[in-house]
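Numbering (UniProt numbering), first residue to last: 1 to 338. No residue lacks a Cβ here, since even glycine has one placed at the ideal position from N, Cα and C.
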Amino acid sequence: MAATFGYKFKTEDPRSSTETYNSVFSEDSESEEEDNESDHQTILPTDDDIPAVLPQYRASIVDPFVRPSTPDAFGRLFPSMDRLSIRHDDLTPDGNMNLRVDTVVPGRNGRRPLTVQLFHLRMHDLGRREFSLRRYCRDSGREVCNSKRAYAEPGPTTRPGLQRSFSSVMRSVKGLPFHIHHHTSQSQQGKGLAGTSSASSSWDAISLRSMRIRRDSWTSDKPVPSPSCLVPTNTVKLEFSNYARVDISRNNHHKVHHYDFEWWGHKYSWKRVLDKDLSVVSYHLMRDGHGMAVAHITPEMRSPNQIQEEEWAGGWIPPCHMWISDPSIVNAATDVAE
């Protein structure tokens, strides 16, 4: 366990409560407070992209009027080709272990636009990739899927070859008890030197065969790992509420990282693209390895001061925009958009 964090905030802090609404599109709404939670996070640093330690989250609330969607509003707002926003949940005290997916609804009759939350991703354990994606908001009972990292048994360990020097082998041979080849007949003893030479030759042959057999049993100082010790893989398993299961595997082809999965007979791949001029990373979803990208995730353009402020607040995932660019995904009946 690398670190354990506990968060304590005053009750009147807006981030210590989650606002719930009777209707997303109504102007008047009531909020109800919830009990403060002390979440203890187990963080195992495994990849360079994941920080070893997460500080206490202290970001400023960007939009205090974010409203969770309702089933009716969700059906009208998603899926669509509108641009979505992905950012840390600044309404919660452990926001750097949470992500919100929001959309902006244009205001009517001159009213200001309204930000509506569509999804909430809670990261329970970064090292084990234990996440939970829900519709509407954090406290919603409508879980879309949960994830966990796949583990596998370690591969067979190659045993080293003969590592003893010739002198140490000879010393071990000379130190063996003489009575092993001393039981000879009286007639063999009468043969004198010839018999002794023959017996010595026989023992040398036996000892060499024995050393060949024992050679494979010699190991290095490092112990062989136990088969019960599982090692993490580059695959994350998704389990959906409709009992579907999807494996997302991280691969590297020609120094390009991509995340591959299959869904309803199609192969999808999130391709990681690095803009060296701007030093930003974006992701583009390819289908069946050809054609145009069908979805995109790009970071928001921020000033150096905004980047510094976000890092100071404890954020480690930059705010991003996501949108679907293929109408066939929006109109599909296979829930591929989710």
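| With Arg142 and His120 assumed to form a contact (beta carbons below 8 Å), what rounded beta-carbon distance in angstroms separates them? | Rounded, the Cβ-Cβ distance is 10 Å, inconsistent with contact.
| request: Could you check how far apart the C-beta atoms of Phe74 and Arg135 are, in whole angstroms? I think they sit under 8 Å. | output: 6 Å
| query | If we call anything under 8 Å between Cβ atoms a contact, is Gly95 one with Ala59? | reply | yes
| Quick one: any contact between the stretch 294-303 and the stretch 52-72, if contact means 3 or more CB pairs under 8 Å? | no
| Would Ser85 be called buried (16 or more neighbouring beta carbons within 10 Å of its own) or exposed? | buried
| task | Specify the secondary structure class of Ile61 as computed by DSSP and reduced to three states. | result | coil
| field | Glu309 (DSSP reduced to helix, strand or coil) | value | helix
| request: Kindly list the residues whose CB is nearer than 8 Å to the CB of Arg129, restricted to its own chain and excluding five residues on each side of it in sequence; keep chain order. | output: Ser147, Lys148, Arg149 and Val236
| query | Where does Asp72 sit, in a helix, a strand or coil, going by DSSP? | reply | helix
| query | Buried or exposed: Ser269, going by 16 or more other Cβ atoms within 10 Å of its Cβ? | reply | buried
| request: Quickly, what does DSSP pair Ile248 with across the bridge? List them, please. | output: Val236
| query | Distance, Cα to Cα, Arg325 vs Arg67? | reply | Just to set this straight, residue 325 is Ser in the shown sequence, not Arg. Looking at the two C-alpha atoms, the distance is approximately 26 Å.
| task | Confirm, please, whether the CB-CB distance from Ser241 to Val144 is below 8 Å. | result | yes
| To the nearest whole angstrom, what separates the beta carbons of Lys271 and Gly289, a pair I think is in contact under 8 Å? | Not really, about 10 Å apart at Cβ, beyond 8 Å.
| field | Which listed residue (Leu77, Leu99 and Phe65) has its alpha carbon closest to that of Tyr57 | value | Leu99
| query | Can you tell me where the alpha helix (DSSP H) with Ile329 in it begins and where it stops? | reply | Pro327 to Asn331
| task | Run the proximity test for Val104: is its beta-carbon closer than 7 Å to any non-hydrogen atom belonging to the ligand GDP? | result | Absence of the ligand GDP is noted for the structure shown, with no ligands found whatsoever.
| So is Thr103 buried or exposed if we call it buried at 16+ other beta carbons inside 10 Å? | buried
| said: Restricting to Cα atoms, I'd like to know which of Phe78, Asp125 and Arg112 is closest to Met97. | reply: Asp125
| task | Measuring only between beta-carbons, confirm whether Arg302 sits less than 8 Å from chain B. | result | Among the protein chains of the structure shown there is no chain B, as only one such chain exists.
| What's the C-alpha gap between Arg243 and Leu285? | Just to set this straight, residue 243 is Tyr in the shown sequence, not Arg. Whole-angstrom Cα-Cα distance: 24 Å.
| field | Residues near Pro51 by beta carbon distance below 6 Å, same chain, minus five either side | value | Trp316
| Three-state secondary structure (DSSP) of Asn96 | helix
| field | Burial state of Arg76, where buried means 16 or more other Cβ atoms lie within 10 Å | value | exposed
| Going along the chain, which residues of its own chain have a beta-carbon closer than 6 Å to the beta-carbon of Thr11, five neighbours each way excluded? | Note on Thr11: pLDDT 37, under 50, position unreliable in the model; no value is reported.
| query | In whole angstroms, what is the alpha-carbon distance linking Thr334 and Asn234? | reply | 26 Å
| Segment limits, beta strand (DSSP E) that includes Lys267 | His266 to Asp275
| said: My output table needs one value for Pro304: the three-state DSSP class, helix, strand or coil. | reply: helix
| request: Give me whichever residues DSSP pairs with Met322 in a beta bridge. | output: Leu84 and Ile297
| In whole angstroms, what separates the C-alpha of Arg108 from that of Ile61? | 24 Å
| task | Could you pull out every residue in the same chain whose Cβ sits closer than 8 Å to the Cβ of Arg245, ignoring the five residues on either side in sequence? | result | Lys237, Leu238 and Glu239
| request: Starting from Lys255, trace the beta strand (DSSP E) both ways and give me its first and last residue. | output: Premise fails: Lys255 is in no beta strand (DSSP E) and is neither H nor E.
| Contact belief for Arg112 with His321 at Cβ below 8 Å, rounded distance in angstroms | Their Cβ separation, rounded to whole angstroms, is 20 Å, which puts Arg112 and His321 out of contact at 8 Å.
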